[in-house]
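Chemist: Got a structure for you, questions after.
Residue numbers (the numbering used here), protein chains in the order written: chain C, -17 to 314; chain E, 469 to 970.
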């Protein structure tokens, strides 16, 4: 008799996550952010957290927990190895974590393709912009530059560095890349005082300075968004297929720019509920209005699609990966 | 301009912004008292509340909170030797020494008065600088920022004990600090340095666990070993009646207060130097005011000028830090980056417009800093003698509470167990340094400035090659750095000459 009760209890426990998929009522969902408060990843997570509760069955409390360190490898390791696959822990981290795995960075203890992917909350379009008072109005003119054009960067691994680096080394643009600025805002100030001639970065972060007439966009990476559709794409200037593959590989994670995942082996029905909730949250008119004000333009890429992009990244031929690792290091 | 300033004041004094500012002050008050919980995190948490507010109300709330944090951070630093904020560590050296002598009230009075005056001067400087702010900030390129870091490092000479041996120890400690600053991935080649193959050290050492370990742990051990209260055998009456005397001290050293406040403002205006630097430069400058070697030895043992200097600088820098944020949309610190998010949220685009179209709003920010500080200091003064009374609580009751605060404080910086290890490790280092007579301040200065110096030197050379050395501001700053290093030597020489004459 007693044993049977135990058995029933055990079955009950095992079934708990399934039952919860219908309702998160009374539970707390934690979004773990791999960065400290103050950056884009954190701001996006907090915006989502505020509105996610409305769209989850049972309206759970949704909180944000910061787990900074090692460019968010620590957070990814935690979600992959420690967190329970019960739908109550969501992780969001550096979009370049696939690159870390691909180039064999030590300390990586996850397989990016095996997370239970909710999806990506935004794309990121990287562009290169240079000061409007320079004589170069477009890519072709920039290409013919006699004097080296000084590009400020924060350091290897950031799009401020890697994007112009490939343009310089693979396309042969006359760039002088100066790295070590503490933030992209810091580079902007260097642009303002004419210490550097331009910088690469996300279109959203450069937009206010483009509108103010300080800089002019010249070239973009693969991912586009309204306002820069007509800019030329870096890959179109690649001199050979190999260079093109490397550029494509660099920009692939930008289609999954705000990754949201749950631990591997999270039950499929929970993943489904969560994907639906994220899709609805990102379309929520209140969130959209808030996002518009804070210049955060969210766009949902469902998990299966995100996973497909990353599987492709992970299955690059070995020689391309080796070549890629010569230019690109994981960072930021 | 005057008109805009007047309008700004009236904006803040409307009842709603004013009420929001009071709420902000209450929040900031507690955040400042608790070690580790930084102003930046709190700002991020409070940001959602401003959605429905008007710009003036929102900034009264956020800035009111932000500008009080540093003020009350001083209190924790002085009373317990635990840095309440990373920006209030320098005040421990003399502030806590005074508390141990039974002069907690006087130290608190001096610190709060100095920080009020500092805030007023910082705000005044901000108000005056608004018309000329763009050229001012743009003068400081990477070469100038590098030289500023060097000037900061030169203050090691003032922060060390006198004599060849003292100097040697000071600069060695500074060198160790600069080495510690190298820990983590380097920004030029992306190579990990001194990371011991751990993920934790990848992004370098966090300032809070290091500071808390270096300063708080030795004090706790000392308190436990002595087995008395913090103030030891000092009469209770003396402990809780010094506040007024502390205030008078500030006015006795008013020119020092003003100079240190200006140092703070200047460091604040310069994006990239960071708030943790201002206090140490001000402290170094305060030690220069010693007239003879005996007086110099008093610093670190409870000289009130060592409280006034960093006290004045820590709040005056807030006004300055607003300048790059407002005028360029370029935040100078994490807190300012979050505040910038607040600007966007309210539909304002920081940049040249803030200095023309929205000038009265800009001035309302200045006024918020002024008013919030006056209110916070007034509240503190009412509580001051009670707070000072804490130093007569027996150590065995106080230590458990302080320990909990210390470890929670350092754990909040990364929520990683290694934060605790770093605290303990630097606790041991700090204890060793205190017992062996090595100065801790140069180590901190090296740690705070190491990365800045490295990066800007690299950028300067990469961008300008050797030509950066001939820029006029660089040369002026170099001269200042040399004179800062030579000043203690000159002081010692003068004292010796006087000695032989007499």
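C-beta atoms are modelled at their ideal positions from N, C-alpha and C, and glycine is treated no differently. Since the model is a prediction, treat every value here as computed from it, not as a measurement.
Which of the three DSSP states, helix, strand or coil, is assigned to residue 857 (chain E)?
Modeler: Here residue 857 (chain E) is taken as the residue at index 389 of the second chain, counted from 1. The answer is helix: DSSP assigns residue 857 (chain E) an H, G or I state.
Chemist: Nearest by alpha-carbon distance to residue 227 (chain C): which of C:152, C:31, C:60, C:56 is it?
Modeler: The residue given as residue 227 (chain C) occupies position 245 in the first chain. Residue C:152 is the option with its Cα nearest to residue 227 (chain C).
Chemist: Quick one: what's got a C-beta closer than 7 Å to residue 238 (chain C)'s C-beta in the same chain, skipping five residues either side?
Modeler: Taking the first chain and counting its residues from 1, one reaches residue 238 (chain C) at position 256. Cβ within range, chain order: 77, 102, 283, 288, 291, 292.
Chemist: So, helix, strand or coil for residue 541 (chain E), using DSSP?
Modeler: Position 73 of the second chain, counted from the first residue, corresponds to residue 541 (chain E). The DSSP-derived three-state label of residue 541 (chain E) is helix.
Chemist: Could you list which residues in chain E have their beta carbon closer than 8 Å to that of residue 277 (chain C), in chain order?
Modeler: If you number the first chain from 1, residue 277 (chain C) lands on position 295. Ordered by position in chain E, the residues that pass the 8 Å Cβ test against residue 277 (chain C) are 812.
Chemist: Is residue 727 (chain E) helix, strand or coil when you go by DSSP?
Modeler: As a working note, residue 727 (chain E) is residue 259 in the second chain. Reduced to three states, the DSSP call for residue 727 (chain E) is helix.
Chemist: Looking at C-alpha atoms only, which residue of E:822, E:802, E:555, E:673 is the closest neighbour of residue 781 (chain E)?
Modeler: Position 313 of the second chain holds residue 781 (chain E). Checked all of E:822, E:802, E:555, E:673; the closest Cα to residue 781 (chain E) is E:555.
Chemist: Using the beta-carbon count (16 or more within 10 Å), is residue 299 (chain C) buried or exposed?
Modeler: Sequence index remark: in the first chain, residue 299 (chain C) carries index 317 (1-based). Residue 299 (chain C) should be labelled exposed.
Chemist: Can you pull the DSSP bridge partners for residue 940 (chain E)?
Modeler: Here residue 940 (chain E) refers to the residue found at position 472 of the second chain. Answer is none; residue 940 (chain E) lacks a bridge partner.
Chemist: Have a look at the DSSP bridge pairing and note the partners of residue 47 (chain C).
Modeler: Reading the first chain from its first residue, position 65 is the one you call residue 47 (chain C). BP columns for residue 47 (chain C) point to C:14.
Chemist: Check each residue of the segment 197 to 213 of chain C: if its Cβ is closer than 9 Å to any Cβ of chain E, include it; give the result in chain order.
Modeler: Per Cβ criterion, the list is empty.
Chemist: Residue 583 (chain E) CB to nearest chain C CB: under 8 Å?
Modeler: Taking the second chain and counting its residues from 1, the one referred to as residue 583 (chain E) is at position 115. Not an interface residue.
Chemist: Starting from residue 670 (chain E), find everything on chain C with Cβ-Cβ shorter than 8 Å and list it in chain order.
Modeler: In the second chain, counting from the first residue as 1, residue 670 (chain E) sits at position 202. By Cβ distance, chain C contributes 51, 52, 53, 55, 89.
Chemist: Residue 823 (chain E): which of E:794, E:532, E:812 sits nearest, CA to CA?
Modeler: Within the second chain, the letter at position 355 stands for residue 823 (chain E). Residue 823 (chain E) has its Cα closest to that of E:794, out of E:794, E:532, E:812.
Chemist: Answer yes or no: do residue 273 (chain C) and residue 279 (chain C) have a C-beta to C-beta separation smaller than 8 Å?
Modeler: Taking the first residue of the first chain as position 1, residue 273 (chain C) is located at position 291. Taking the first residue of the first chain as position 1, residue 279 (chain C) is located at position 297. A contact, by the Cβ cut-off of 8 Å.
Chemist: Under 8 Å Cβ-Cβ, which residues of chain C neighbour residue 819 (chain E)?
Modeler: Position 351 of the second chain, counted from the start, is the residue given in the question as residue 819 (chain E). Under the 8 Å cutoff, chain C gives 190, 194.
Chemist: Short check: CB of residue 692 (chain E) to CB of residue 863 (chain E), under 8 Å?
Modeler: Here the question's residue 692 (chain E) lines up with position 224 in the second chain. Here the question's residue 863 (chain E) lines up with position 395 in the second chain. The criterion of a C-beta distance shorter than 8 Å is satisfied by residue 692 (chain E) and residue 863 (chain E).
Chemist: For residue 832 (chain E), count the other beta carbons within 10 Å of its own beta carbon; 16 or more makes it buried, fewer makes it exposed. Which is it?
Modeler: To locate residue 832 (chain E), count along the second chain from 1; it is residue 364. By the neighbour-count definition (other C-beta atoms within 10 Å, threshold 16), residue 832 (chain E) is a buried residue.
Chemist: For residue 906 (chain E), which of helix, strand or coil comes out of DSSP?
Modeler: Taking the first residue of the second chain as 1, we reach residue 906 (chain E) at position 438. If DSSP states are grouped into helix, strand and coil, residue 906 (chain E) belongs with coil.
Chemist: Relative to the C-alpha of residue 176 (chain C), which candidate in E:654, E:581, E:805, E:932 has its C-alpha closest?
Modeler: Residue 176 (chain C) sits at position 194 when you count from the first residue of the first chain. Measuring from the Cα of residue 176 (chain C), the nearest candidate turns out to be E:932.
Chemist: Within this structure, are the beta carbons of residue 788 (chain E) and residue 818 (chain E) separated by less than 8 Å?
Modeler: Within the second chain, the letter at position 320 stands for residue 788 (chain E). Within the second chain, the letter at position 350 stands for residue 818 (chain E). The answer is no: Cβ separation not under 8 Å.
Chemist: Between the beta-carbon of residue 134 (chain C) and the beta-carbon of residue 181 (chain C), is there less than 8 Å?
Modeler: The residue given as residue 134 (chain C) occupies position 152 in the first chain. The residue given as residue 181 (chain C) occupies position 199 in the first chain. It is a contact, given that the beta carbons lie within the stated cut-off.
Chemist: Kindly list the residues whose CB is nearer than 6 Å to the CB of residue -4 (chain C), restricted to its own chain and excluding five residues on each side of it in sequence; keep chain order.
Modeler: Position 14 of the first chain holds residue -4 (chain C). At residue -4 (chain C) the pLDDT is 49, less than 50, meaning the model places this residue with poor confidence and gives no usable figure here.
Chemist: Would residue 748 (chain E) and residue 935 (chain E) qualify as a contact pair, given that the criterion is a beta-carbon distance under 8 Å?
Modeler: Translated into positions along the second chain, residue 748 (chain E) becomes position 280. Translated into positions along the second chain, residue 935 (chain E) becomes position 467. No, they are not a contact pair.
Chemist: So what does residue 74 (chain C) bridge to, in DSSP terms?
Modeler: Counted from its first residue, the first chain places residue 74 (chain C) at position 92. DSSP, once it has assigned bridges, lists C:15 as partnering residue 74 (chain C).
Chemist: What is the DSSP secondary structure of residue 181 (chain C), reduced to helix, strand or coil?
Modeler: If you number the first chain from 1, residue 181 (chain C) lands on position 199. Strand, per DSSP.
Chemist: Do residue 557 (chain E) and residue 679 (chain E) count as a contact pair if the criterion is CB distance below 8 Å?
Modeler: Counting from 1 along the second chain, the entry for residue 679 (chain E) is found at position 211. Counting from 1 along the second chain, the entry for residue 557 (chain E) is found at position 89. Yes; because the gap between Cβ atoms is below 8 Å, this pair is in contact.
Chemist: Along the segment 153 to 184 of chain C, what residues have a CB closer than 9 Å to any CB found in chain B?
Modeler: Among the chains of the structure shown, chain B does not appear; the protein chains present are C and E.
Chemist: Would you be able to state if there are at least three C-beta pairs under 8 Å between the segment 656 to 663 of chain E and the segment 889 to 902 of chain E?
Modeler: no
Chemist: So, does the segment 49 to 58 of chain C touch the segment 198 to 215 of chain C, judging by three or more C-beta pairs under 8 Å?
Modeler: no
Chemist: Which of the three DSSP states is assigned to residue 519 (chain E) in this structure?
Modeler: Mapped onto the second chain, residue 519 (chain E) falls at position 51. Reduced to three states, the DSSP call for residue 519 (chain E) is coil.
Chemist: Does residue 931 (chain E) get closer than 8 Å to chain C when you measure Cβ to Cβ?
Modeler: Within the second chain, numbered from 1, the residue matching residue 931 (chain E) stands at position 463. So yes, residue 931 (chain E) belongs to the interface.
Chemist: Taking CB distances under 8 Å as the criterion, tell me whether residue 884 (chain E) reaches chain C.
Modeler: For the purposes of this step, residue 884 (chain E) is taken as the residue at position 416 of the second chain. Output row for residue 884 (chain E): interface = yes.
Chemist: Is the beta carbon of residue 74 (chain C) closer than 8 Å to that of residue 312 (chain C)?
Modeler: Start at 1 with the first residue of the first chain, and residue 312 (chain C) comes out as number 330. Start at 1 with the first residue of the first chain, and residue 74 (chain C) comes out as number 92. Their beta carbons are not under 8 Å apart, which means residue 312 (chain C) does not touch residue 74 (chain C) by this criterion.
Chemist: If we call anything under 8 Å between Cβ atoms a contact, is residue 852 (chain E) one with residue 550 (chain E)?
Modeler: Within the second chain, the letter at position 384 stands for residue 852 (chain E). Within the second chain, the letter at position 82 stands for residue 550 (chain E). No, Cβ-Cβ distance for residue 852 (chain E) and residue 550 (chain E) is not below 8 Å.
Chemist: Alpha carbon to alpha carbon, what distance is there between residue 21 (chain C) and residue 80 (chain C)?
Modeler: Stepping through the first chain from its first residue, residue 80 (chain C) is reached at position 98. Stepping through the first chain from its first residue, residue 21 (chain C) is reached at position 39. Going by the C-alpha atoms only, they are around 20 Å apart.
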